[in-house]
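One structure below.
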Amino acid sequence: MFYNVVTEVDPLTTGTVTMFWMNFLTICLYICSRRP
Numbered sequence: 001m002f003y004n005v006v007t008e009v010d011p012l013t014t015g016t017v018t019m020f021w022m023n024f025l026t027i028c029l030y031i032c033s034r035r036p
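Be aware that the sequence shown starts at 1, since it is given in this note's numbering, and climbs by one per residue.
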């Protein structure tokens, strides 16, 4: 349901949000992997 709403907004916004979450998850994984 949420995915459908996001796709209906507009491709540019969807791409920006996707890039933001991809970067966010990558940073989280990077920080977690550096922990002892």
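Here a beta-carbon is modelled for each residue, glycine too, at the ideal position from N, C-alpha and C.
It should be emphasised that the depicted structure is a prediction, and the values quoted were computed from it without experimental measurement.
query, result
"If you run the structure through DSSP and keep just helix, strand and coil, what is R35?", "coil"
"Could you check the C-alpha separation between Y30 and D10 for me, to the nearest Å?", "30 Å"
"Rounding to the nearest angstrom, what Cα-Cα distance links G15 and P36 in this structure?", "34 Å"
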